[in-house]
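Notes follow the structure.
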Amino acid sequence: MKGWIWLFVIVIGAATSLVGLLIGAWWLTFAVGLAIGAVIGRARVAIPGGALAGLAAWGAGLAILQLY
Amino acid sequence: MVGGGAKPAPFGPFRSCSGRAENTWLTLPAVTLDPAIEAPAQADEPKAPEVPNDSAEPTAKARRHPRRPLRAINPLLALLVAAAVLYASFIGAGPLPALGPTFNPATGAWTMAADAVPVQNQTLTIPGLQQPVRVLFEKDGTAHVVAQTDADLFLAVGYVHARFRLFQMDLMRRQGEGRLSQVVGKAALDSDRFELQLGLLRTAQLEWAQADDVTKVALTAYAKGVNDRIDEAKKSHQLDVMFTLLGYQPEPWTPVDTLIVKGDMTQTLNFTDTPLVMELLDKALGSQLASAWFPIMPPNPQSPYDPGPYPTQSTPAPITVESAVTDSQAATALALHDRLANLPPGLLAAGGESNNWAVAGPKSASGGALMAGDPHLHLTLPSIWFQLTEDSPDYHTSGVSIPGTPVVLIGHNQHISWSLTDAQNQQTFFYEETEDAAHPGQYFWKAAWHAYDTVKYDIPVLNGPNDHLVVKLSTHGPVISERGLTTSVWWAGNVPSQDFSVLMRIGQASNYQGFRDALRDWHSPTHNFVYADDAGNIGLISAGYYPLVAQGQPWLPMAGTGEYDVAGTVPYDDIPQIYNPPSNIVWSANQRQVDPNYPYYIGTASNFFDPGYRANEIKRVLSQPGKLSAADMMALQTDTRDFLASEITPILIQALASDQLTSSEQQARDLLSSWDFRMETGSAAASIWSTFWQSYLSQTFDPTWKAKNVKVDRHELDDALGQYLEAATLNSPSSQEAALRSAFHDAFSTLSKQLGGEPGTWTWGKLHTRVLENLAQISGLNYGPRPDRGDGNTPLAAGGDPSTHGPSWRMVVDWGAKTFTGIYPGGQSENPASTWYTNKVDTWWSGLLVPMLSADQASFAPGVATWAMQP
Numbered sequence: 001m002k003g004w005i006w007l008f009v010i011v012i013g014a015a016t017s018l019v020g021l022l023i024g025a026w027w028l029t030f031a032v033g034l035a036i037g038a039v040i041g042r043a044r045v046a047i048p049g050g051a052l053a054g055l056a057a058w059g060a061g062l063a064i065l066q067l068y
Numbered sequence: 001m002v003g004g005g006a007k008p009a010p011f012g013p014f015r016s017c018s019g020r021a022e023n024t025w026l027t028l029p030a031v032t033l034d035p036a037i038e039a040p041a042q043a044d045e046p047k048a049p050e051v052p053n054d055s056a057e058p059t060a061k062a063r064r065h066p067r068r069p070l071r072a073i074n075p076l077l078a079l080l081v082a083a084a085v086l087y088a089s090f091i092g093a094g095p096l097p098a099l100g101p102t103f104n105p106a107t108g109a110w111t112m113a114a115d116a117v118p119v120q121n122q123t124l125t126i127p128g129l130q131q132p133v134r135v136l137f138e139k140d141g142t143a144h145v146v147a148q149t150d151a152d153l154f155l156a157v158g159y160v161h162a163r164f165r166l167f168q169m170d171l172m173r174r175q176g177e178g179r180l181s182q183v184v185g186k187a188a189l190d191s192d193r194f195e196l197q198l199g200l201l202r203t204a205q206l207e208w209a210q211a212d213d214v215t216k217v218a219l220t221a222y223a224k225g226v227n228d229r230i231d232e233a234k235k236s237h238q239l240d241v242m243f244t245l246l247g248y249q250p251e252p253w254t255p256v257d258t259l260i261v262k263g264d265m266t267q268t269l270n271f272t273d274t275p276l277v278m279e280l281l282d283k284a285l286g287s288q289l290a291s292a293w294f295p296i297m298p299p300n301p302q303s304p305y306d307p308g309p310y311p312t313q314s315t316p317a318p319i320t321v322e323s324a325v326t327d328s329q330a331a332t333a334l335a336l337h338d339r340l341a342n343l344p345p346g347l348l349a350a351g352g353e354s355n356n357w358a359v360a361g362p363k364s365a366s367g368g369a370l371m372a373g374d375p376h377l378h379l380t381l382p383s384i385w386f387q388l389t390e391d392s393p394d395y396h397t398s399g400v401s402i403p404g405t406p407v408v409l410i411g412h413n414q415h416i417s418w419s420l421t422d423a424q425n426q427q428t429f430f431y432e433e434t435e436d437a438a439h440p441g442q443y444f445w446k447a448a449w450h451a452y453d454t455v456k457y458d459i460p461v462l463n464g465p466n467d468h469l470v471v472k473l474s475t476h477g478p479v480i481s482e483r484g485l486t487t488s489v490w491w492a493g494n495v496p497s498q499d500f501s502v503l504m505r506i507g508q509a510s511n512y513q514g515f516r517d518a519l520r521d522w523h524s525p526t527h528n529f530v531y532a533d534d535a536g537n538i539g540l541i542s543a544g545y546y547p548l549v550a551q552g553q554p555w556l557p558m559a560g561t562g563e564y565d566v567a568g569t570v571p572y573d574d575i576p577q578i579y580n581p582p583s584n585i586v587w588s589a590n591q592r593q594v595d596p597n598y599p600y601y602i603g604t605a606s607n608f609f610d611p612g613y614r615a616n617e618i619k620r621v622l623s624q625p626g627k628l629s630a631a632d633m634m635a636l637q638t639d640t641r642d643f644l645a646s647e648i649t650p651i652l653i654q655a656l657a658s659d660q661l662t663s664s665e666q667q668a669r670d671l672l673s674s675w676d677f678r679m680e681t682g683s684a685a686a687s688i689w690s691t692f693w694q695s696y697l698s699q700t701f702d703p704t705w706k707a708k709n710v711k712v713d714r715h716e717l718d719d720a721l722g723q724y725l726e727a728a729t730l731n732s733p734s735s736q737e738a739a740l741r742s743a744f745h746d747a748f749s750t751l752s753k754q755l756g757g758e759p760g761t762w763t764w765g766k767l768h769t770r771v772l773e774n775l776a777q778i779s780g781l782n783y784g785p786r787p788d789r790g791d792g793n794t795p796l797a798a799g800g801d802p803s804t805h806g807p808s809w810r811m812v813v814d815w816g817a818k819t820f821t822g823i824y825p826g827g828q829s830e831n832p833a834s835t836w837y838t839n840k841v842d843t844w845w846s847g848l849l850v851p852m853l854s855a856d857q858a859s860f861a862p863g864v865a866t867w868a869m870q871p
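Residue numbers (the working numbering), protein chains in the order written: chain A, 1 to 68; chain B, 1 to 871.
Spelled out as structure tokens, the structure:
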């Protein structure tokens, strides 16, 4: 169950980062990373999870902008 | 076991490695992971400490205490690290700019990738075009713009320039307009204040107001093309990443911006502080010694290209003095000199090192005229040049243009070819204004008090308040210093002129008469325009203003009371020029163009004109018997023979003949004895010569420099002092023998310490390198430093170490064979990720040139891509 919550947090984090990037708030990724670290206590999950969320947001933002 | 088994849990990975849970507490202090990483780990299993019976286990309590502060400290550290990263991202840190925005997927560094993709066949819609335009790109990026109207041609050129060089163009206009601080902060404020004082912007505005219709059409169309690209780049998020890095977007381009870019070049080439330097030397050394070491006429033999006969009367022609030319703040010569010396490189002319020459049909192997040109400038990435062909009903030119300007500056059309070197004559005059406390805000001129005109500027400064600047203008020009004596400057670059109109007429000329007529209106910077045509004719005209003062010593700052004002210029028919000389050769390399019989003052030998070693060497090679080919022209462009070395080395060898030398010193001497005077990277003699000459200069002049407390850096004057020393050595070798020997021993000692080993291993490449500097001064994007041949005296100009100036473009034309070749160090794109960023460098470095194709030829070249531009 905890794993699903963590995944949910990462997905929400990625989405939040993406919105931030698309509106020019590139720095929001940092805040999301911190939030993920706070919510997910386990470093082994929080660190790659935060990185994944940031990368997914950045990559998706890039893809959207290129397609646009 | 209970306590010990639970508490190490947060450090699971270490426990599993050691296999001994109890010991993990002991290993904790040695763990040096980032606190930001450790923080969540601490919080990972908050219940773990609660498992043991705390009350029953006092030692466990004691162990738990340290974790409370850790719980607080780790998130705090994580926050701090994140805050620091964000701060550095927004504000930058030290020399590091704010890099954060470069990670923005919309406008960040990623945009470089899109712009770096090789150009493909494409159809573009370009607003403002009247007819379709075709732009062909060769595999190396050379562009060919083919338009059906002249206006379309210049519009398309504007678009192409902006597509590949927009940041460079923006930087150049900002520099000239004094708006760098707006994007880089107060670090650029000195530069901005000086530029606004000097008045490039005011001059450009006047030039635009006075422009003829042809110029207006060209510059307006060009600006439209640039703006089409700016709009497109903003819309498609493809602005150069430097805009993102600096956090701004380019404003629309205007015709005045183009005139500012021209002003930048004029300033770089001929705004000098030489009169201030001469005044400081005069004061420190005394007029007798100063005039001996820094004479008006050259003390050494040179090769003027125009041997006369000259006019017998010097009647100044009227010169159009701009009424709105401005300046501000002045001081004593030293204060002003120091101020100018502290300005960023490029704002002050630092001596020219360009070559051009032509060979007439009778001396050419092909039977047609030959022409070669290589202007020497600061070598940057991107280059100052953009190579292109312009084809329209009235223009068929091919060569290089300066991004920001619409025309080919150096190149050829169907009938004629031309290239430039700087003429070096004095175009900057300083005036000390007479002021009086009883007449505030006024200066005394022609027996009356006159109020200064003033112009006010607000200079926007990034992250700071606007800087307010008031520029005072006397009749001479802008006041540029008020520290000590109020000093204003008359500068030919501030006289409005229609140089773009001249360039367009050159582009349309079909013979020497048309070429010469066009140059009649060329004013500043004064250039040596070499000429060759398809009928086998050659010529050279040093076109531009040659300001004349009615009286006084113009090589020093003069009183501003009216008697010493610039009264006119040398009449066009009297300026240095030559056409089809009997020798069948013409050449220029920034040397004095005329001999001492020329009746007009055009500048001092010491500081305005080149010492003439390159000119002498070029003349020597061109004068040899036999016919010359295009291959000979290319070889001469990369000639590394040091003419000064060829004069002095035999005298040095003779002086050493009666000297006591060690065996190693004998080796060094023998290397010099068998040397061909070529500054090749593998030559040890070249290193010995160069080090010897520096020692010779130093030992001769430094004692006086120290004793007299001369405020000017001696190295700044090495060219002038070298001429004196050269003449002294050639005229009286025996009197210099002791000094020659001493300098040789000193050079030997220096090289032994610096390079070690045997003299044969002291190759020039170990001492001398060249670097192409990134325009934004990001050293990681430089090319080099890399060992390179040549020095400041060789036709292949490579002065300094590392050498940052040199042949910025090489062109060779053979009208007999109808071949046109050229190359510049760099690439067409300013984008470091592009294959066109440095793709031409290696070819240039090896001394090779590339065929300059016509648009028709290019359309059949392999790998060509075409843009079809539609209205």
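Ideal Cβ positions, reconstructed from N, Cα and C, are used throughout, including at glycine.
All values reported here derive from a predicted model rather than from experimental measurement.
1. Along the beta strand (DSSP E) that carries B:Pro547, what are the first and last residues, could you check?
2. Which residue wins for smallest C-alpha separation from B:Lys766, given the options B:Arg134, B:Val183, B:Thr681?
3. How would you list, in chain order, the residues of chain B whose beta-carbon sits under 7 Å from the beta-carbon of A:Trp4?
4. Please name the residue in B:His476, B:Ala858, B:Pro307, B:Ala798 whose C-alpha comes closest to that of B:Gln593.
5. According to the neighbour-count rule (16 or more other Cβ atoms, all chains shown, within 10 Å of its Cβ), is B:Met297 buried or exposed?
6. Scan the stretch 5-24 of chain A for residues whose Cβ lies nearer than 8 Å to a Cβ of chain B and list them as they occur along the chain.
7. With 16 as the cutoff for other CB atoms within 10 Å, does B:His768 come out buried or exposed?
8. Let me see if you follow: with CB-CB separation under 7 Å, is B:Leu276 close to chain A or not?
9. For chain A, find out if any of its Cβ atoms is closer than 7 Å to the Cβ of B:Ala188; answer yes or no.
10. Taking the alpha helix (DSSP H) that B:Val566 belongs to, which residues open and close that run?
11. Out of B:Gln238, B:Gly404, B:Ser664, which one is the CA nearest neighbour of B:Thr220?
12. Could you say if the stretch 263-275 of chain B and the stretch 489-508 of chain B meet the contact criterion of at least three C-beta pairs nearer than 8 Å?
13. Between B:Asn356 and B:Ser419, is the Cβ-Cβ spacing less than 7 Å?
14. Per DSSP, what kind of secondary structure is B:Asp170 in: helix, strand or coil?
15. In chain A, what lies closer than 9 Å to B:Leu79 by C-beta?
16. I want to see whether chain A comes within less than 7 Å of B:Leu86, judged by CB atoms only; does it?
17. On the DSSP bridge list, what partners appear for B:Tyr457?
18. So, helix, strand or coil for B:Asn413, using DSSP?
19. Could you work out which residues of chain A lie near B:Pro118, taking near to mean beta carbons separated by less than 9 Å?
20. Based on the DSSP secondary-structure assignment, which residues constitute the bridge partners of B:Asp391?
21. Is the CB-CB distance between B:Asp791 and B:Met634 below 7 Å?
22. Output yes or no for whether 7 Å exceeds the beta carbon distance between B:Lys363 and B:Asn537.
23. List the residues that DSSP assigns as beta-bridge partners of B:Gln577.
24. Does B:Ala720 get closer than 7 Å to chain A when you measure Cβ to Cβ?
25. Near B:Gly544, which residues of its chain fall below 7 Å by C-beta distance, leaving aside the five closest residues on each side in sequence?
26. Which of the three DSSP states, helix, strand or coil, is assigned to B:Asn899?
27. Which runs of the beta strand (DSSP E) fall wholly inside the stretch 733-769 of chain B and span at least 3 residues, in chain order?
28. Evaluate B:Pro625 with the Cβ neighbour count: other Cβ atoms within 10 Å of its Cβ, from every protein chain shown; 16 or more gives buried, anything less gives exposed.
29. Flag this pair as yes or no: are the beta carbons of B:Ser181 and B:Pro344 separated by less than 7 Å?
30. What does a CB cutoff of less than 7 Å around B:Asp948 pick up in its chain, not counting 5 residues either side in sequence?
31. Going by DSSP, what residues sit across from B:Phe529 in a beta bridge?
32. Beta-carbon of B:Ala82 versus every beta-carbon of chain A: anything under 7 Å?
33. List the residues of chain A that B:Gly100 touches, going by C-beta distances under 7 Å, in chain order.
34. Along the chain, where does the beta strand (DSSP E) containing B:Trp836 start, and where does it finish?
35. Do B:Ser606 and B:Phe294 come within 7 Å of each other at the CB atom, strictly closer than that value?
36. For B:Ile823, does the count of other Cβ atoms within 10 angstroms reach 16, so buried, or fall short, so exposed?
The short version:
1. 547-549
2. B:Thr681
3. Here the premise fails: no neighbours, minimum Cβ distance about 18 Å.
4. B:Pro307
5. exposed
6. Leu21, Leu22, Gly24
7. buried
8. no
9. no
10. Segment 566-569 is the beta strand (DSSP E) holding B:Val566; no alpha helix (DSSP H) there.
11. B:Gly404
12. yes
13. yes
14. helix
15. Leu34
16. yes
17. B:Leu469
18. coil
19. Those within 9 Å of B:Pro118 in chain A number zero; the least Cβ separation is about 18 Å.
20. B:Val146, B:His396
21. no
22. no
23. B:Ile541
24. no
25. Ala423, Trp522, His523, Ser524, Pro525, Thr526, His527
26. Limits of chain B in this structure are 1 at one end and 871 at the other, which puts residue 899 of chain B out of reach.
27. none
28. exposed
29. no
30. A question about residue 948 of chain B goes unanswered here, because the residues of chain B that appear run from 1 up to 871.
31. B:Leu420, B:Ile541
32. yes
33. Trp26, Trp27
34. Looking at the DSSP string, B:Trp836 is not in any beta strand (DSSP E), and its letter there is neither H nor E.
35. yes
36. buried
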